[in-house]
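Visitor:
Protein chains: 2
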Amino acid sequence: MSIAKEKAVLRNFMSKSTTKARATHECILKATIHCYGVYGVENTTLEQVAAEAGMSRTTVYRYAGNRRELLNKVLLRDANQALSELEVITRYYDNLEEVVLESILFLMRRRNNFEMQHILYGDSSGAQQDDGLPLNILTDLVEQSLTHHYANAESKGLVSSKLPLPLLADWLGRITISLISQPSHFTQTEESLRTYLKAVLCPIFHLPSSTPQPRNE
Amino acid sequence: MSIAKEKAVLRNFMSKSTTKARATHECILKATIHCYGVYGVENTTLEQVAAEAGMSRTTVYRYAGNRRELLNKVLLRDANQALSELEVITRYYDNLEEVVLESILFLMRRRNNFEMQHILYGDSSGAQQDDGLPLNILTDLVEQSLTHHYANAESKGLVSSKLPLPLLADWLGRITISLISQPSHFTQTEESLRTYLKAVLCPIFHLPSSTPQPRNE
Numbered sequence: 001m002s003i004a005k006e007k008a009v010l011r012n013f014m015s016k017s018t019t020k021a022r023a024t025h026e027c028i029l030k031a032t033i034h035c036y037g038v039y040g041v042e043n044t045t046l047e048q049v050a051a052e053a054g055m056s057r058t059t060v061y062r063y064a065g066n067r068r069e070l071l072n073k074v075l076l077r078d079a080n081q082a083l084s085e086l087e088v089i090t091r092y093y094d095n096l097e098e099v100v101l102e103s104i105l106f107l108m109r110r111r112n113n114f115e116m117q118h119i120l121y122g123d124s125s126g127a128q129q130d131d132g133l134p135l136n137i138l139t140d141l142v143e144q145s146l147t148h149h150y151a152n153a154e155s156k157g158l159v160s161s162k163l164p165l166p167l168l169a170d171w172l173g174r175i176t177i178s179l180i181s182q183p184s185h186f187t188q189t190e191e192s193l194r195t196y197l198k199a200v201l202c203p204i205f206h207l208p209s210s211t212p213q214p215r216n217e
Numbered sequence: 001m002s003i004a005k006e007k008a009v010l011r012n013f014m015s016k017s018t019t020k021a022r023a024t025h026e027c028i029l030k031a032t033i034h035c036y037g038v039y040g041v042e043n044t045t046l047e048q049v050a051a052e053a054g055m056s057r058t059t060v061y062r063y064a065g066n067r068r069e070l071l072n073k074v075l076l077r078d079a080n081q082a083l084s085e086l087e088v089i090t091r092y093y094d095n096l097e098e099v100v101l102e103s104i105l106f107l108m109r110r111r112n113n114f115e116m117q118h119i120l121y122g123d124s125s126g127a128q129q130d131d132g133l134p135l136n137i138l139t140d141l142v143e144q145s146l147t148h149h150y151a152n153a154e155s156k157g158l159v160s161s162k163l164p165l166p167l168l169a170d171w172l173g174r175i176t177i178s179l180i181s182q183p184s185h186f187t188q189t190e191e192s193l194r195t196y197l198k199a200v201l202c203p204i205f206h207l208p209s210s211t212p213q214p215r216n217e
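Note that the protein sequences, when read in sequence, are chains A and B. Residues 1 to 217 (full-length UniProt numbering) make up the first sequence, in order. Residues 1 to 217 (full-length UniProt numbering) make up the second sequence, in order.
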């Protein structure tokens, strides 16, 4: 066999095994979410997941060494899925403020209708969960999802220099965690949430008026 | 004994017994904080608290029926103490934005130096805690602490009508919980936190410029 042919066979084999590994992981994650729904996040064991997935314990352990690791993988998959959905939602906005506002409103709509969110946060208990995605991981995802829109707004001079992307992402990460895990009077309906965010979040995107202002700073 | 005299005796007795009850509660709370430091919040039992306070289990149980109730009382006492301290800190500011900014900076300084905060939140683990004061209680406290300053700013026309006090209090409650329980790069030093808050929080206090603006809304 020529080297080129050998490489092609190897590539084909690797791509097949990657696809197979992905299918296995997807199957484990689906079984995990099913078990979370049945036994609760706290009580689900890797053995139960293996049984539900119809796989050996070793396969599951190789994928996630313990419960917390498994939960993190579930959360990360969910977050990545939310990220792809947000790309669709925000595709035709070219204003950073609108992108952020519509993204948060979408995530809250998603939270109220999505199986995963119900399992993690309950219906409206308001209980703060210890189980969410860590802030730094969420911040990275927010930064990733805003990079394109931010660069776009920046190139048009529409972003304040006081609001660099990593700082904005940290703030939005905090707010998203808080709104998703702790409902309040103001987050109850989409309309009240929109009014709320317009008052407390949107002003950070408004550039100072271009008319000359007395400089007191 | 005349009715007036009887009332005076009763008042005296009640005030004495209230003082005694308060001293008992204070003693239980101090013993609880001591036990949290020694055994951890999760592992402290009401029996250990009673032993540390030198009281009967019944006395402690009468004050708090279970661990969570006891923790809530500790948290509420700490929050009320923080509230009194904030009154001192903000007494000579008459600008709502400054009051809020300096209050948050003070609470973070307090968090980094105060025994209670270390016990609850660890040093800088960044772990989100399930044990904090519930959002609605914190929101009430924030509202209480800002009432005077808010009314003052409102009477001078310095607050946007989009930012009623309950809404502002809900937002500040969320932010305070997030900053206290989840440190990040931006909260590491007082200087970086100040820059951060000036960019993401302070703009909500800025009234729209009074010069005529095109109305697109």
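Using N, Cα and C, we set each Cβ at its ideal position, and we do this for glycine too. All values derive from a computational prediction rather than experimental measurement.
Who are the Cβ neighbours of A/H149 in its own chain at under 6 Å, not counting the five residues just before and after it?
Guide: Correct list, in chain order: L96, V99.
Visitor: Can you list, in chain order, the residues of the segment 188-204 of chain B whose Cβ is nearer than 9 Å to any Cβ on chain A?
Guide: Cβ contacts with chain A come from T195, Y196, K198, A199, V200, L201, C202, P203, I204.
Visitor: Tell me whether the segment 63-72 of chain B and the segment 34-46 of chain B touch, counting them as touching only if at least three CB pairs, one residue from each stretch, are closer than 8 Å.
Guide: Verdict: yes, contact present.
Visitor: For a test of the three-state rule: what should DSSP assign to A/A82, helix, strand or coil?
Guide: A/A82: helix per DSSP, three-state reduction.
Visitor: Check whether chain B comes within 7 Å of A/L135, counting only Cβ atoms and requiring the distance to be less than that.
Guide: So yes, A/L135 belongs to the interface.
Visitor: Starting from A/R67, find everything on chain B with Cβ-Cβ shorter than 8 Å and list it in chain order.
Guide: Result: empty, since nearest Cβ-Cβ is about 16 Å, beyond 8 Å.
Visitor: With a CB to CB cut of under 7 Å and the five nearest residues on each side skipped, what residues in its chain are close to A/D123?
Guide: In this predicted model, A/D123 has a pLDDT of only 49, less than 50, meaning its place in the structure is not dependable enough to derive any value.
Visitor: Output, in sequence order along the chain, the residues in the segment 147-172 of chain A whose CB is closer than 7 Å to any CB in chain B.
Guide: Those residues of the segment 147-172 of chain A that come within reach of chain B (Cβ to Cβ, closer than 7 Å) are K162, L163, L167, D170, W171.
Visitor: Anything in chain A within Cβ reach of B/F186, meaning under 7 Å, just list it in chain order.
Guide: Result: L167, D170.
Visitor: Report yes if the CB atom of B/I119 is closer than 7 Å to the CB atom of B/Y39, and no otherwise.
Guide: It is not a contact, given that the beta carbons lie outside the stated cut-off.
Visitor: Kindly say whether A/Q144, judged by its beta-carbon, lies nearer than 7 Å to any beta-carbon of chain B.
Guide: A/Q144 does not count as touching chain B.
Visitor: Given that a residue counts as buried once 16 or more other Cβ atoms are within 10 Å of its Cβ, and exposed if not, what is A/P164?
Guide: Flag for A/P164 reads exposed.
Visitor: In chain A, which residues lie with their C-beta within 9 Å of the C-beta of B/S103?
Guide: The contacting residues do not exist; B/S103 stays about 16 Å from chain A at best.
Visitor: According to a CB-to-CB cut-off of less than 9 Å, which residues of the UniProt domain "HTH tetR-type" (22-82) of chain B neighbour chain A?
Guide: Cβ contacts with chain A: none found.
Visitor: In the DSSP assignment, the alpha helix (DSSP H) including A/D140 goes from what residue to what residue?
Guide: Segment 135-155, the alpha helix (DSSP H) holding A/D140.
Visitor: Return the CA-CA distance between B/P183 and A/K73, expressed in angstroms with no decimal places.
Guide: About 23 Å.
Visitor: Would you report the Cα separation of A/F205 and A/E191, rounded to the nearest angstrom?
Guide: Cα-Cα distance, rounded: 20 Å.
Visitor: Between A/R110 and A/I28, what straight-line distance do the alpha-carbon atoms span, to the nearest angstrom?
Guide: Near 23 Å, if we compare the C-alpha coordinates of A/I28 and A/R110.
Visitor: Name, please, each residue of chain B whose Cβ falls closer than 9 Å to the Cβ of A/R111.
Guide: Neighbours of A/R111 on chain B: none; closest Cβ ~15 Å, over 9 Å.
Visitor: CA-CA distance, B/R194 and B/L101?
Guide: Distance between the alpha carbons of B/R194 and B/L101: 8 Å.
Visitor: Would the beta-carbon of B/L70 fall within 7 Å of that of B/T18?
Guide: Their beta carbons are not under 7 Å apart, which means B/L70 does not touch B/T18 by this criterion.
Visitor: If you measure from the beta carbon of B/R174 to each beta carbon in chain A, is any gap under 7 Å?
Guide: So, interface residue.
Visitor: Let me know the secondary structure DSSP gives B/P166 once reduced to three states.
Guide: B/P166: helix per DSSP, three-state reduction.
Visitor: Only counting runs of 4 or more residues, tell me where the alpha helix (DSSP H) segments fall wholly within the segment 11-78 of chain A, in order along the chain.
Guide: Entirely contained in the segment 11-78 of chain A, the alpha helix (DSSP H) runs reaching 4 residues are, in chain order, 46-53, 57-63.
Visitor: Would you mind working out which of B/V159, B/G132, B/T24, B/A153 sits nearest B/Y61, comparing C-alpha positions?
Guide: That would be B/T24, whose Cα lies nearest to the Cα of B/Y61.
Visitor: If you run the structure through DSSP and keep just helix, strand and coil, what is A/N95?
Guide: A/N95 falls in the coil class under three-state DSSP.
Visitor: From which residue to which residue does the alpha helix (DSSP H) around A/V200 run?
Guide: Residues 190-200.
Visitor: Can you tell me which of B/R57, B/L179, B/L207 puts its alpha carbon nearest to the alpha carbon of A/A199?
Guide: Minimum Cα distance to A/A199 is reached at B/L207.
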